[in-house]
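To start, the structure under review is shown below, and the notes come after it.
2 protein chains.
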Amino acid sequence: MLETKLISQLQKIAGKEAVLTSKEDLTTYSYDGTTTWAHMPDVVVLPTTTEQVSQILKLANENGIPVTPRGAGTNVSGGSIPIKGGIVLCTAKMNKILDINKTNLTATIEPGVVLQDFNMALAKQGLFYPPDPVSFFGCTLGGNVAENSAGPYCVKYGVTKHYLLGLEVVLANGYVMKLGGVTVKNRTGYELIMLFTGSEGTLGVITKITVKLLPMPPARKTMIAVFDDMEVAGQAVSDIMASGVVPAKIEFVDNFVIRRVEEMTPMGLPVEANALLILETDGSPAAVEADAQQIVDILKKSGAKDVKVAKDANEAAMYWKARSAGFAAVFGAAHTVMAEDVAVPRDKLAEFIRRLGEISKKSGFFIQFLGHAGDGNLHPSIFTDIRDKEQFARAQETMAEIFRAAMELGGVLSGEHGIGLEKQRFLKEAMDPVAIDIMKKIKGVLDPNNILNPGKIWEEGA
Amino acid sequence: MLETKLISQLQKIAGKEAVLTSKEDLTTYSYDGTTTWAHMPDVVVLPTTTEQVSQILKLANENGIPVTPRGAGTNVSGGSIPIKGGIVLCTAKMNKILDINKTNLTATIEPGVVLQDFNMALAKQGLFYPPDPVSFFGCTLGGNVAENSAGPYCVKYGVTKHYLLGLEVVLANGYVMKLGGVTVKNRTGYELIMLFTGSEGTLGVITKITVKLLPMPPARKTMIAVFDDMEVAGQAVSDIMASGVVPAKIEFVDNFVIRRVEEMTPMGLPVEANALLILETDGSPAAVEADAQQIVDILKKSGAKDVKVAKDANEAAMYWKARSAGFAAVFGAAHTVMAEDVAVPRDKLAEFIRRLGEISKKSGFFIQFLGHAGDGNLHPSIFTDIRDKEQFARAQETMAEIFRAAMELGGVLSGEHGIGLEKQRFLKEAMDPVAIDIMKKIKGVLDPNNILNPGKIWEEGA
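Protein chains in written order, with the numbering used here: chain A, 1382 to 1843; chain B, 1382 to 1843.
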């Protein structure tokens, strides 16, 4: 528990209504999109200005109070859970779009801007910001930077880090640091912006973000391909990537998702299919037409049972809704959903899918999966119940096997969700020990009192 | 001077023929593409393996000997000049292309691979690696990573850092650290790859690089636009960027370059023109056709006196040769060429060009410039002579004014060349002082004895 004096100091900084202490409020901020972890904070503060963030951090730093930065809490690796208690610093109310510049093709936003609100504002001006985590309806741009978020569009367009030009970051001691600017090229010193990107709130609190924009592609086309065999679908993705065409998105959903989505909202998905690829191509109308034809040809040649091109935007939207709903369907399927986030080389996708089948058979756990197949980034999930200790332990071991199978194929522990709490016990297997040591030392440089999101990424004392 | 014992230890590590000590050899490695600085090393070593690099660094670290990593020495900010003497560690002989994977769309190369050799190997397989510094005929990929190089293609495709997936880096103490891998997405811990990218050889020696590739665009088209007025050309660039089309390249050359190129190799360039834009669009044949038409229309509407679309690949190659030759023409134009590398927001290009005119008038120096207009990244040059102290001091002051004019417009000190020696006296004006302090502390973490490229980026004792 924090002293009453500190609570009243926080109230003085951010205003009474911005400081939450009731049990109900604290519970709301005790968990995030991850289902295996929760921890109560002592207090939640919702600042509205950079100056307030600076004063909150100064106070916390002087008193050694843990601070967990948080956007919308859509994180799925436990990064925004206040595992050490203390202050949850939620930037959701710093939600102004400060500038959209159509000629410079840049925008500056506050961290609490919801991605979808930003996308809508950009669309009005014919502009496009590609990184599109499936949580786009809720997630905030500050969280996107802290997690270096990605999504379906990243096959063609890259991830959040590829779009960052400038940051304002408040350091642990309250110093407001400005990095980068509004130019698309900048070679002034080390890439410090990249250091904060994906640092999961452990190095600073992001208070302003400048991103690079693109013109909205004038045309898009969505296709779906139905497969009897998941491995064949995986191979089809490799075939497309090797063919010279670059789809904007290549998403994979399995039979579990197809059935669940169809149960929730019947939309005529092929419930017997073992795998569905949902693809999009974008660009000029002529290019889209040609690319779509090429993709359809490859899909058929690669063994798709059925290939459909969405006849209009409504039909396309329906397929993408199925993909988004898949995410919800998976996370609502059990008390505890352990979702992996491995990425494998794109030419190893079919092999990895085969390995998942073997692991499922051996462990007895059904392994559901969907994901960003075009990036080799799959989200295999195991449905379990954390309250059943024996089963949960077996689920954890099975998850470890999945991760090790990915690593053996040249893959990585996390493609886009980050390490947080969920994957930190695997970090030593996934990363050079000296690199982990360097991370810790950099953390020590930027946050010597270890107040910023302590207990994340690496295991303590490890 | 290094002790004879150390020289023989280096010979034992890398072989006798890989250790250069003659005055002629040392002179060759005493300068780089920058014309204002030079310093003799004590010895040059050309290792061929990571293990040798590791042993060289271990030896240097234990004996406190400065090590300046070097690729081809095409650097234009002094980054590869051994300003403290000691060892030049040249990676030019580590020049194997280790893997090109067409399905995963990745390649792994050693640092000494020349960019053009890499491009040729990729082209055979229909693959494309976009970052294209104008020094591509000589520069090496290790240098490209250390400098986070960019070039004309970066308007559409981004810079070196956008393509890096994995690095092998030898740390100052000789430890061989592996970062990242061959997946296009990776969210395992901090972005340490980005920390080494653009660190100008001050944090480690890069010994292996894995990059993301793209399929080679099936079609390209080159256009040139002739302008009477440089500001109008600058505005035309802004107009194109705001129009929704994304050219692959938009390069700017001024009358000085047009005349010099025409003198060297007559190719029918318009010698009376005050500015020439050279543009390229790429993609599917249909998209290229449509984009080229849109660009031509905008150029005409924006006040171009003449617009030409290259009728074939030969004519296109001629225009791009003129652009490359421009670089050489500028650097050969005087004893000392001070080349700025500022970048301004793309909507401030015309305004910046106007300011350059004013600075030229006031200072009496002719200011030549060319550059990557689509990125707002210009290279204004002043022709001077470092041996004439009074004139050189005035040139330096004029350069400072150019930099400050860019900063006032929201621009940055360096768009792509880095800080090195050339721009370090401006660093304090260009970067948050706390950010500079963080860079120094990170340097302290990774290179506690300060052996790696000491004396670069920030001024010592400053």
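The beta carbon of each residue, even a glycine, is placed where N, CA and C say it ideally should be.
What do you get for V1652/A, buried or exposed, if any count of 16 or more other CB atoms within 10 angstroms of its CB means buried?
-> As a first step, residue 1652/A must be located in the first sequence, where it is residue number 271. Burial call: exposed.
Excluding five sequence neighbours on each side, which residues of the same chain lie with their C-beta closer than 8 angstroms to the C-beta of K1681/A?
-> Within the first sequence, the letter at position 300 stands for residue 1681/A. Answer for K1681/A: V1688, listed in chain order.
With a cut-off of 7 angstroms, does the C-beta of D1513/A fall near any C-beta of chain B?
-> As a working note, residue 1513/A is residue 132 in the first sequence. No, D1513/A does not count as interfacial toward chain B.
Entirely enclosed alpha helix (DSSP H) segments - the region 1595-1628 of chain B, minimum 4 residues = 1611-1623
Out of curiosity, what's the CA-to-CA distance linking K1477/B and N1525/B?
-> Position 96 of the second sequence holds residue 1477/B. Position 144 of the second sequence holds residue 1525/B. In a straight line, the C-alpha of K1477/B is about 16 angstroms away from that of N1525/B.
Determine, using beta carbons only, whether H1543/B and H1420/A come nearer to each other than 7 angstroms.
-> Sequence index remark: in the second sequence, residue 1543/B carries index 162 (1-based). Sequence index remark: in the first sequence, residue 1420/A carries index 39 (1-based). In this structure, H1420/A does not lie closer than 7 angstroms to H1543/B by Cβ.
Between which two residues does the alpha helix (DSSP H) harbouring N1636/A extend?
-> For the purposes of this step, residue 1636/A is taken as the residue at position 255 of the first sequence. Where N1636/A is concerned, the enclosing alpha helix (DSSP H) stretches over 1636-1645.
Within 7 angstroms (strictly less), CB to CB, does L1438/B reach chain A?
-> Along the second sequence, read from residue 1 onward, the residue named residue 1438/B stands at position 57. Not closer than 7 angstroms to any Cβ of chain A, the Cβ of L1438/B fails to qualify, so no.
Residue span of the beta strand (DSSP E) that contains K1729/A, given as start and end = Here residue 1729/A is taken as the residue at index 348 of the first sequence, counted from 1. Neither: K1729/A is in no beta strand (DSSP E) and is coded neither H nor E.
Tell me whether S1847/A sits in a helix, a strand or coil according to DSSP, three-state version.
-> Within the shown structure, residues of chain A are numbered from 1382 to 1843, placing residue 1847/A beyond reach of any answer.
Please classify M1501/B: is it buried, with 16 or more other beta-carbons within 10 angstroms of its beta-carbon, or exposed?
-> For this step, residue 1501/B is matched to residue 120 along the second sequence. M1501/B should be labelled exposed.
With 16 as the cutoff for other CB atoms within 10 Å, does P1647/B come out buried or exposed?
-> To locate residue 1647/B, count along the second sequence from 1; it is residue 266. By the neighbour-count rule (16 or more Cβ atoms within 10 Å), P1647/B is not buried but exposed.
Limits of the alpha helix (DSSP H) - the one that L1576/A falls within = In the first sequence, residue 1576/A corresponds to position 195, counting from 1. It spans 1573-1577 - the alpha helix (DSSP H) in which L1576/A sits, taken as one unbroken run.
Are there 16 or more other CB atoms within 10 angstroms of the CB of N1695/A, so buried, or fewer, so exposed?
-> Counting from 1 along the first sequence, the entry for residue 1695/A is found at position 314. Exposed, because fewer than 16 other Cβ atoms sit within 10 Å of the Cβ of N1695/A.
Measure the alpha-carbon distance for V1457/B versus V1494/B and round it to whole angstroms.
-> Looking up residue 1457/B in the second sequence gives position 76. Looking up residue 1494/B in the second sequence gives position 113. If you take the alpha carbons of V1457/B and V1494/B, they lie about 19 angstroms apart.
Kindly list, in the order they appear in chain C, the residues whose Cβ is closer than 9 angstroms to that of K1837/B.
-> Note that chain C does not occur in the displayed structure, where the protein chains are A and B.
Are the C-beta of V1551/B and some C-beta of chain A separated by less than 7 angstroms?
-> Sequence index remark: in the second sequence, residue 1551/B carries index 170 (1-based). Chain A contact via Cβ: absent.
As assigned by DSSP and simplified to three states, the class of R1775/B | As a working note, residue 1775/B is residue 394 in the second sequence. In this structure, R1775/B counts as helix in the three-state DSSP scheme.
Quickly, what does DSSP pair G1547/A with across the bridge? List them, please.
-> For the purposes of this step, residue 1547/A is taken as the residue at position 166 of the first sequence. Partner(s): G1561/A, T1591/A.
Given a cut-off of 7 angstroms, decide if P1492/B and G1467/B are closer than it, judged by their beta-carbon atoms.
-> Within the second sequence, numbered from 1, the residue matching residue 1467/B stands at position 86. Within the second sequence, numbered from 1, the residue matching residue 1492/B stands at position 111. The answer is no: Cβ separation not under 7 angstroms.
Buried or exposed by the 16-neighbour rule on C-beta atoms within 10 Å, applied to E1384/B = Reading the second sequence from its first residue, position 3 is the one you call residue 1384/B. Result: exposed.
Which of the three DSSP states, helix, strand or coil, is assigned to A1473/B?
-> In the second sequence, the residue the question calls residue 1473/B occupies position 92. Of the three classes helix, strand and coil, the one that applies to A1473/B here is coil, per DSSP.
Ignore the nearest five residues each way along the sequence and tell me which others in Q1497/B's own chain have a CB closer than 6 angstroms to its CB.
-> Taking the second sequence and counting its residues from 1, one reaches residue 1497/B at position 116. Taken in chain order, the residues that qualify are F1517, F1518.
Check whether G1836/B and K1465/B have beta carbons under 7 angstroms apart | Residue mapping note: residue 1836/B aligns to position 455 of the second sequence, counting from 1. Residue mapping note: residue 1465/B aligns to position 84 of the second sequence, counting from 1. Closer than 7 angstroms, so yes.
Checking contacts by CB at 7 angstroms: is L1680/A closer than that to chain B?
-> Locating residue 1680/A in the first sequence gives position 299, counting from the first residue. No, L1680/A does not count as interfacial toward chain B.
Per DSSP, E1632/A forms a beta bridge with which residues?
-> Here residue 1632/A is taken as the residue at index 251 of the first sequence, counted from 1. Answer is I1659/A, bridged to E1632/A.
Who are the neighbours of D1672/A on chain B, taking C-beta pairs under 8 angstroms?
-> Here residue 1672/A corresponds to residue number 291 of the first sequence, with the count starting at 1. Per Cβ cutoff of 8 angstroms: S1665.
Apply the 10 Å Cβ neighbour rule to E1398/A and answer buried if 16 or more other Cβ atoms are within range, or exposed otherwise.
-> Within the first sequence, the letter at position 17 stands for residue 1398/A. Answer is exposed; the Cβ neighbour count stays below 16.
Endpoints, the alpha helix (DSSP H) within which I1437/B is located = Taking the first residue of the second sequence as 1, we reach residue 1437/B at position 56. Its alpha helix (DSSP H) spans residues 1431-1444.
Within 10 angstroms of its Cβ, does H1753/B collect 16 or more other Cβ (buried), or is it exposed?
-> Position 372 of the second sequence holds residue 1753/B. H1753/B should be labelled buried.
What residues of chain B sit near S1435/A, judged by a beta carbon separation below 9 angstroms?
-> Reading the first sequence from its first residue, position 54 is the one you call residue 1435/A. What S1435/A touches in chain B: nothing, since even the nearest Cβ is about 13 angstroms away.
Using 7 angstroms as the limit for Cβ to Cβ distance, is T1727/A near chain B?
-> Position 346 of the first sequence, counted from the start, is the residue given in the question as residue 1727/A. In the sequence as presented, Thr is not what sits at residue 1727/A; that position holds Arg. Yes, contact with chain B.
Evaluate K1593/A with the Cβ neighbour count: other Cβ atoms within 10 Å of its Cβ, from every protein chain shown; 16 or more gives buried, anything less gives exposed.
-> As a position in the first sequence, residue 1593/A is number 212, starting the count at 1. Classification for K1593/A: buried.
Residues near T1416/A in its chain [Cβ-Cβ closer than 6 angstroms; skip 5 each side] = For the purposes of this step, residue 1416/A is taken as residue 35 along the first sequence, with counting starting at 1. Closer than 6 angstroms at the Cβ level, and outside the excluded window around T1416/A, lie T1717, V1718.
Answer yes or no: does any C-beta atom of chain B fall closer than 7 angstroms to that of T1564/A?
-> In the first sequence, counting from the first residue as 1, residue 1564/A sits at position 183. Interface residue, yes.
How many whole angstroms separate the CB atoms of L1658/A and V1618/A, which I take to be in contact at a CB cut-off of 8 angstroms?
-> Here residue 1658/A is taken as the residue at index 277 of the first sequence, counted from 1. Here residue 1618/A is taken as the residue at index 237 of the first sequence, counted from 1. Contact flag correct, Cβ pair sits at about 7 angstroms.
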